[in-house]
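>
There are 2 protein chains.
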Amino acid sequence: MTSDQVEDARERVVDAFERSAEIYGLNRSYGRLYGVLYFAREPLSLDELAEETGFAKSTVSTAMKELERFHMVHRRSIEGEGKRAFFEPERDFWHIVKQFLDREMRREIDTMARALDDAETALEAAVDAGEDERAARDLERVRDLQQVYDRSEAFVNLVTRAPSDRLRSAFEDFADLVRR
Amino acid sequence: MTSDQVEDARERVVDAFERSAEIYGLNRSYGRLYGVLYFAREPLSLDELAEETGFAKSTVSTAMKELERFHMVHRRSIEGEGKRAFFEPERDFWHIVKQFLDREMRREIDTMARALDDAETALEAAVDAGEDERAARDLERVRDLQQVYDRSEAFVNLVTRAPSDRLRSAFEDFADLVRR
DNA sequence: CGGTATATTCGGCATATACCGAATATTCCG
DNA sequence: CGGAATATTCGGTATATGCCGAATATACCG
Chain Z
4 MTSDQVEDAR ERVVDAFERS AEIYGLNRSY GRLYGVLYFA REPLSLDELA EETGFAKSTV
64 STAMKELERF HMVHRRSIEG EGKRAFFEPE RDFWHIVKQF LDREMRREID TMARALDDAE
124 TALEAAVDAG EDERAARDLE RVRDLQQVYD RSEAFVNLVT RAPSDRLRSA FEDFADLVRR
Chain S
4 MTSDQVEDAR ERVVDAFERS AEIYGLNRSY GRLYGVLYFA REPLSLDELA EETGFAKSTV
64 STAMKELERF HMVHRRSIEG EGKRAFFEPE RDFWHIVKQF LDREMRREID TMARALDDAE
124 TALEAAVDAG EDERAARDLE RVRDLQQVYD RSEAFVNLVT RAPSDRLRSA FEDFADLVRR
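This is how it looks when you write it as structure tokens:
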């Protein structure tokens, strides 16, 4: 039966989504839910998602909240459907990446930057006070890190502020930059 | 005492490493171990790392194996130190990123690509057989994904093959690409 | 080749996480 | 405003994970 094969094929792609989720530190179930949504012909309700994936409705509810946090799905209500919530997948992967950079990576960079600044101050004082020469070494290390994080921050700013299609084309050209 | 402040500052940076590890889906303990190594004046042994971090030696041993897998640390032996192993941090972050792309992301891309190719074949057959028009929709989705993953693969190839300093400078120029 | 220093493996415990179903809260509509 | 439909929260359980210390394996040196 062809339609069985189609079903299998779709299932394998959803499997692949699960493994992807895993790699990026997300729960497998999120990959599955996202995958199911990705192939849905229309927005799905919590009950439909639960039915489709085999998870309890409560599980789906919390998972959806998290997936929304990552901007991987969007919640909608539909005219005449009362309170019932419907979910659609975000299919622009660049958008998802941007949101991740904006939310998670920026926060990481900020804490690190603050820690580094404090460390720099303390170490400068230590060096001036003629403390052991370990301080000088550490100061160098800290400054190296500062440079790395400054660049990361610039990159994050760049990416999160540019629209997806501009990024896509910039990355095409990026290839030439690396190669030349 | 200034040296207390220095100690505190170093500690805060190591803390920041822990949080970073967390964000990228690694264990906090890996961040701590890497951080301690980052500021070490010389390569550290398992016992020294255990002493410094408070983890059991066995814990450190397995963690080090994992950190090696990610190319975040390197294992060395030192002349006249017998069997004892010493560890050094990889300080070139680009190198670490490249290894991650090469090992993890490439594998993810491969499984997804295979799943998508299978799905494409099955769906094409279904469409030709005049199956329900859902197949046509799905085929479109699959092809969109293929494009995304093809581009990702090209990007991964590019980055993993270029030397770190070239990447760094290419990313400087990338900024102009996006902005212009 | 035997002994010693070191590394790794393994079983077990304690904690964290994923998931469930029942209980509660919220929204919408008559 | 009340009641029905839905979503969310919460407590409990099963499983996974992190970490430890003891037991085992491995490498080096005399």
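Protein chains in written order, with my numbering: chain Z, 4 to 183; chain S, 4 to 183. Where is the CB? At the ideal position from N, CA and C, for every residue including glycine.
Looking at the structure shown, is F90/S part of a helix, part of a strand, or coil, going by DSSP?
In this structure, F90/S counts as strand in the three-state DSSP scheme.
> Out of L161/S, G34/S, L148/S, state which residue places its alpha-carbon closest to the alpha-carbon of T56/S.
Among L161/S, G34/S, L148/S, the Cα nearest to that of T56/S belongs to G34/S.
> Answer with yes or no whether the minimum CB distance from A173/Z to chain S is below 9 Å.
A173/Z counts as touching chain S.
> Cβ of F90/S less than 9 Å from any chain Z Cβ?
No, F90/S lies away from the interface with chain Z (no Cβ there is under 9 Å from its Cβ).
> What runs of the alpha helix (DSSP H), each 4 residues or longer, lie entirely inside the region 107-165 of chain S?
Those alpha helix (DSSP H) runs which fall completely within the region 107-165 of chain S and span 4+ residues are 109-131, 137-164.
> If we cut at 9 Å on Cβ distances, does L47/Z have a partner in chain S?
No, no contact with chain S.
> Taking the CB atoms as reference points, tell me whether S78/S and F90/S lie closer together than 9 Å.
Contrary to the premise, residue 78/S reads as Arg rather than Ser in this sequence. Result yes, Cβ atoms of R78/S and F90/S sit closer than 9 Å.
> Using a Cβ-Cβ cut-off of 9 Å, state whether L104/S counts as contacting chain Z.
No, because no Cβ of chain Z sits closer than 9 Å to the Cβ of L104/S.
> Can you find a CB in chain S that lies within less than 9 Å of the CB of M75/Z?
No, its Cβ sits nowhere closer than 9 Å to a Cβ of chain S.
> Would you tell me roughly how many angstroms separate the C-alpha atoms of L49/S and E84/S, rounded to the nearest one?
Distance between the alpha carbons of L49/S and E84/S: 13 Å.
> Within the 9 Å Cβ cut-off, does T56/S reach chain Z?
T56/S does not count as touching chain Z.
> Let me see if you follow: with CB-CB separation under 9 Å, is A118/S close to chain Z or not?
Output row for A118/S: interface = yes.
> For the putative contact between V76/S and Y37/S, defined by C-beta atoms under 8 Å, what is the C-beta separation to the nearest angstrom?
About 7 Å; that satisfies the 8 Å criterion.
> Looking only at its own chain, which residues have a Cβ that is under 8 Å from the Cβ of Y152/Z, when we skip the five neighbours before and after it?
The residues are I112, M115, A116, L119.
> Cα separation between E127/Z and S6/S?
For E127/Z and S6/S, the distance between alpha carbons rounds to 11 Å.
> Kindly list, in the order they appear in chain Z, the residues whose Cβ is closer than 9 Å to that of D18/S.
Those are T114, A118, listed as they occur along chain Z.
> Can you list, in chain order, the residues of its chain with a C-beta nearer than 7 Å to that of A129/Z? Leave out the 5 residues immediately preceding and following it.
Once the five neighbours on either side are set aside, the close Cβ partners of A129/Z are A138.
> Answer with buried or exposed for A132/S, where buried requires no fewer than 16 other C-beta atoms within 10 angstroms of its C-beta.
With fewer than 16 other Cβ atoms within 10 Å, it is exposed.
> Using three-state DSSP, classify H74/S as helix, strand or coil.
Coil, per DSSP.
> When burial is assigned at 16 or more other CB atoms within 10 Å of the CB, is E93/S buried or exposed?
Result: buried.
> Does DSSP put L40/Z in a helix, a strand or coil?
Reduced to three states, the DSSP call for L40/Z is helix.
> Closer than 6 Å by C-beta to T163/Z: which residues in its own chain qualify, once you throw out the five before and the five after it? Chain order, please.
Around T163/Z: K101, L104, D105.
> Between Y27/Z and chain S, is the shortest Cβ-Cβ distance under 9 Å, so that the two count as touching?
Y27/Z counts as touching chain S.
> So is D121/S in contact with chain Z if we call contact Cβ pairs under 9 Å?
At least one chain Z Cβ lies under 9 Å of D121/S.
> What residues match up with S167/S in a beta bridge as DSSP calls it?
S167/S pairs with nothing; no bridge assigned.
> For E143/S, is the classification buried or exposed, using 16 other Cβ atoms within 10 angstroms of its Cβ as the cut-off for buried?
So E143/S ends up on the exposed side.
> Using only CA atoms, which one of E123/S, E51/S, S32/S, F42/S lies nearest to V145/S?
Of the listed residues, the one whose Cα sits closest to V145/S is E123/S.
> Would D41/Z pass as a contact of V9/Z if the rule is Cβ separation under 9 Å?
According to the sequence as given, residue 41/Z is Tyr; it is not Asp. In this structure, V9/Z does not lie closer than 9 Å to Y41/Z by Cβ.
> Could you tell me which chain S residues have their CB closer than 8 Å to the CB of S32/Z, listed as they occur along the chain?
Under the 8 Å cutoff, chain S gives no residues; its nearest Cβ is about 16 Å from S32/Z.
> Show which residues of chain Z have a CB atom less than 8 Å away from the CB atom of V151/S.
Ordered by position in chain Z, the residues that pass the 8 Å Cβ test against V151/S are F96.
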